[in-house]
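> Here my numbering is used: the first residue of the sequence shown is 304, the next is one more, and so on.
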Amino acid sequence: MTIVLTLSLLTLIMLAPIKLGTQVLKIERSGIDVCFVAVIAAIAASVFTELAIGEGFFPTLVAIVITSILFSLVFRTTAVAGFVLALLSTAIQFAFTLVIVVLGFVIAYSVS
Numbered sequence: 304m305t306i307v308l309t310l311s312l313l314t315l316i317m318l319a320p321i322k323l324g325t326q327v328l329k330i331e332r333s334g335i336d337v338c339f340v341a342v343i344a345a346i347a348a349s350v351f352t353e354l355a356i357g358e359g360f361f362p363t364l365v366a367i368v369i370t371s372i373l374f375s376l377v378f379r380t381t382a383v384a385g386f387v388l389a390l391l392s393t394a395i396q397f398a399f400t401l402v403i404v405v406l407g408f409v410i411a412y413s414v415s
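#1: For ILE369, which of GLY357, PHE360, LEU354, ALA344 has the nearest alpha-carbon?
#2: Using a Cβ-Cβ cut-off of 6 angstroms (strictly less than) and excluding sequence neighbours within five positions of SER392, which residues of its own chain qualify?
#3: Flag this pair as yes or no: are the beta carbons of LEU388 and LEU328 separated by less than 8 angstroms?
#4: Quick check: what's the CA-CA separation for ALA261 versus VAL377?
#5: If we ignore side chains and look at the alpha-carbon of each, how far apart do SER333 and SER415 end up?
#6: Shortest alpha-carbon distance to ALA384 belongs to which of GLN396, ILE367, PHE397?
#7: Would the beta-carbon of LEU313 fall within 8 angstroms of that of CYS338?
#8: Let me check understanding here. Comparing Cα to Cα, which of THR400, VAL350, GLN396, SER375 lies closest to ILE330?
#9: Please look up how many angstroms separate the CB atoms of PHE399 and ILE335, rounded, as I've assumed it's under 8 angstroms.
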C-alpha cells in the first residue's frame, strides 16, 4: 500500500510539470495518457541510474539525458525538444518544491 501511495504522489508531483512543459513547447502529443507514460519513463530512468551509478550530481545528469531520450520517443518529437522538455520539467518541479517548502515555513512560523 505504501508503494502505491508513493507512486501516486510521485506521479501527481511529476505529471503537472511535464504537462506544463509540453504546453510551453507546444508539443502536439500532450494528452494526460501520454504524459502519464512519460512520468513512468522518467521514474524508471531515475531509478535505473540510481541503481546503476549511485546518487549525486553526475547520476542526475545521466538521468536527465536518459529521460530526454525517453521523452523524445514517447512524445514523438526531436531529441532537442525532448532534452528541453526534460530540463523544463525538472525546473518546474524544483520551483513547485521550493513553493511547497516556503509555504511550510510560513505556516510553521505563523502557528508558533
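C-beta: ideal position from N, C-alpha, C; glycine also.
On the basis of the coordinates in this document:
#1: ALA344
#2: PRO320, ILE321, GLY324
#3: yes
#4: Nothing can be reported for residue 261, as the shown portion of the chain is limited to 304 through 415.
#5: 44 angstroms
#6: ILE367
#7: no
#8: SER375
#9: Contact flag wrong, Cβ pair sits at about 18 angstroms.
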